[in-house]
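Be aware that the sequence shown starts at 4, since it is given in the numbering used here, and climbs by one per residue.
Idealized CB from N, CA, C, for every residue including glycine.
All of these numbers come straight from a predicted model, not from anything done at the bench.
Structure first, then comments.
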Amino acid sequence: MMLAISSLPHTWILDLDGTLVEHNGYKIYGKDRVLPGIKKFFEQIPSADYVLILTARKEQYKAETEMFLEENGLRFDKILYDMPVGERILINDRKPSGLEMGISINKTRDARCDLFINIEKNL
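See below:
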(Lines of atoms letter the chains of each structure in order from A and count residues from 1; the text may use other names and numbers.)
(Lines give C-alpha, C1' and ligand atoms only; values in the text may rest on other atoms or scores of the structure.)
Protein backbone atom coordinates (compact mmCIF):
# COMPACT_ATOMS: atom_id res chain seq x y z
CA MET A 1 0.00 0.00 0.00
CA MET A 2 1.32 3.44 -0.94
CA LEU A 3 0.74 6.31 1.49
CA ALA A 4 1.06 9.70 -0.22
CA ILE A 5 1.76 12.44 2.33
CA SER A 6 2.87 16.07 2.20
CA SER A 7 6.39 17.31 2.86
CA LEU A 8 5.23 18.99 6.10
CA PRO A 9 6.47 17.56 9.43
CA HIS A 10 4.22 14.67 10.54
CA THR A 11 3.00 13.08 13.75
CA TRP A 12 2.84 9.30 13.59
CA ILE A 13 0.46 7.70 16.12
CA LEU A 14 1.14 3.98 16.15
CA ASP A 15 -0.31 1.12 18.14
CA LEU A 16 2.28 -1.29 19.54
CA ASP A 17 0.89 -4.81 20.04
CA GLY A 18 -0.44 -6.45 16.89
CA THR A 19 0.69 -3.49 14.78
CA LEU A 20 4.45 -3.12 15.32
CA VAL A 21 5.15 -6.26 17.35
CA GLU A 22 3.39 -9.59 17.71
CA HIS A 23 0.29 -9.22 19.88
CA ASN A 24 1.07 -10.36 23.45
CA GLY A 25 4.40 -11.82 22.31
CA TYR A 26 6.06 -10.40 25.40
CA LYS A 27 3.67 -12.48 27.52
CA ILE A 28 3.62 -15.65 25.39
CA TYR A 29 7.34 -15.90 24.51
CA GLY A 30 8.80 -13.75 27.28
CA LYS A 31 9.93 -11.16 24.72
CA ASP A 32 8.61 -9.16 21.80
CA ARG A 33 8.91 -10.01 18.11
CA VAL A 34 8.96 -7.29 15.46
CA LEU A 35 6.40 -7.97 12.74
CA PRO A 36 7.59 -8.44 9.15
CA GLY A 37 7.97 -5.18 7.23
CA ILE A 38 8.00 -2.94 10.31
CA LYS A 39 11.73 -2.16 10.30
CA LYS A 40 11.51 -1.19 6.61
CA PHE A 41 8.47 0.97 7.39
CA PHE A 42 10.34 2.78 10.20
CA GLU A 43 13.29 3.44 7.87
CA GLN A 44 10.93 5.48 5.68
CA ILE A 45 9.67 7.79 8.45
CA PRO A 46 11.41 11.16 8.06
CA SER A 47 13.80 11.87 10.93
CA ALA A 48 12.10 15.21 11.70
CA ASP A 49 8.73 13.52 12.26
CA TYR A 50 7.31 12.83 15.73
CA VAL A 51 6.55 9.19 16.60
CA LEU A 52 3.99 8.52 19.34
CA ILE A 53 3.32 4.90 20.29
CA LEU A 54 0.17 3.87 22.14
CA THR A 55 -0.21 0.64 24.08
CA ALA A 56 -2.56 -1.00 26.53
CA ARG A 57 0.51 -2.55 28.20
CA LYS A 58 0.97 -1.70 31.82
CA GLU A 59 3.69 0.82 32.57
CA GLN A 60 5.50 -1.88 34.56
CA TYR A 61 6.75 -3.15 31.14
CA LYS A 62 8.17 0.25 30.18
CA ALA A 63 11.90 -0.49 30.58
CA GLU A 64 11.93 -3.76 28.63
CA THR A 65 9.55 -2.44 25.97
CA GLU A 66 11.62 0.67 25.27
CA MET A 67 14.90 -1.28 25.33
CA PHE A 68 13.48 -3.76 22.81
CA LEU A 69 12.28 -1.00 20.47
CA GLU A 70 15.64 0.80 20.63
CA GLU A 71 17.59 -2.42 20.05
CA ASN A 72 15.49 -3.07 16.95
CA GLY A 73 15.79 0.43 15.49
CA LEU A 74 12.16 1.36 16.09
CA ARG A 75 12.54 4.96 17.15
CA PHE A 76 9.93 6.86 19.13
CA ASP A 77 9.53 10.19 20.84
CA LYS A 78 6.97 9.09 23.41
CA ILE A 79 5.07 5.97 24.45
CA LEU A 80 1.76 6.16 26.29
CA TYR A 81 1.10 3.08 28.42
CA ASP A 82 -2.10 1.84 30.12
CA MET A 83 -4.29 2.97 27.20
CA PRO A 84 -7.86 1.64 26.95
CA VAL A 85 -8.32 -1.45 24.75
CA GLY A 86 -11.23 0.02 22.76
CA GLU A 87 -11.18 1.91 19.48
CA ARG A 88 -8.71 4.72 18.91
CA ILE A 89 -10.50 7.69 17.42
CA LEU A 90 -8.68 10.41 15.47
CA ILE A 91 -10.46 13.68 14.73
CA ASN A 92 -8.58 16.38 12.88
CA ASP A 93 -9.24 19.33 10.57
CA ARG A 94 -8.69 19.89 6.88
CA LYS A 95 -6.36 22.71 5.79
CA PRO A 96 -7.93 25.48 3.69
CA SER A 97 -5.88 24.09 0.78
CA GLY A 98 -7.88 20.85 1.12
CA LEU A 99 -5.04 18.81 2.64
CA GLU A 100 -6.51 16.13 4.90
CA MET A 101 -4.72 16.41 8.26
CA GLY A 102 -5.96 13.11 9.67
CA ILE A 103 -5.11 9.75 8.12
CA SER A 104 -6.14 6.41 9.62
CA ILE A 105 -5.01 2.96 8.52
CA ASN A 106 -6.28 -0.26 10.04
CA LYS A 107 -4.19 -3.37 9.46
CA THR A 108 -4.91 -6.97 10.31
CA ARG A 109 -3.48 -7.90 13.70
CA ASP A 110 0.01 -9.41 13.50
CA ALA A 111 0.02 -9.06 9.70
CA ARG A 112 3.00 -8.02 7.64
CA CYS A 113 3.35 -4.27 7.11
CA ASP A 114 3.67 -3.41 3.43
CA LEU A 115 3.12 0.33 3.76
CA PHE A 116 5.31 2.53 1.60
CA ILE A 117 5.60 6.27 2.24
CA ASN A 118 5.61 8.63 -0.73
CA ILE A 119 6.30 12.25 0.20
CA GLU A 120 4.69 14.46 -2.41
CA LYS A 121 5.92 18.05 -2.64
CA ASN A 122 2.68 19.27 -4.26
CA LEU A 123 0.40 18.26 -1.37
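- Here the region 58 to 71 does not lie against the region 93 to 111, with fewer than 3 beta-carbon pairs under 8 Å apart.
- Of the candidates Arg97, Tyr32 and Lys65, the residue whose Cα lies closest to the Cα of Ile82 is Lys65.
- Taking 8 Å as the cut-off, the beta carbon of Ala7 is found closer than this to the beta carbon of Asn121.
- Distance between Lys98 and Lys30, taken at the CA atoms: about 43 Å.
- Secondary structure of Phe71 (DSSP, three-state): helix.
- Burial check for Ile106: the Cβ neighbour count within 10 Å stays below 16, so the residue is exposed.
- When the beta-carbon positions are compared, Asp113 and Glu25 come within less than 8 Å of each other.
- With a threshold of 16 other beta carbon atoms within 10 Å, Leu19 meets it and is buried.
- Considering only Asn125, Met5 and Thr68, the residue with the shortest C-alpha distance to Gly101 is Asn125.
- Rounded to whole angstroms, the gap between the alpha carbons of Met70 and Ser50 is 20 Å.
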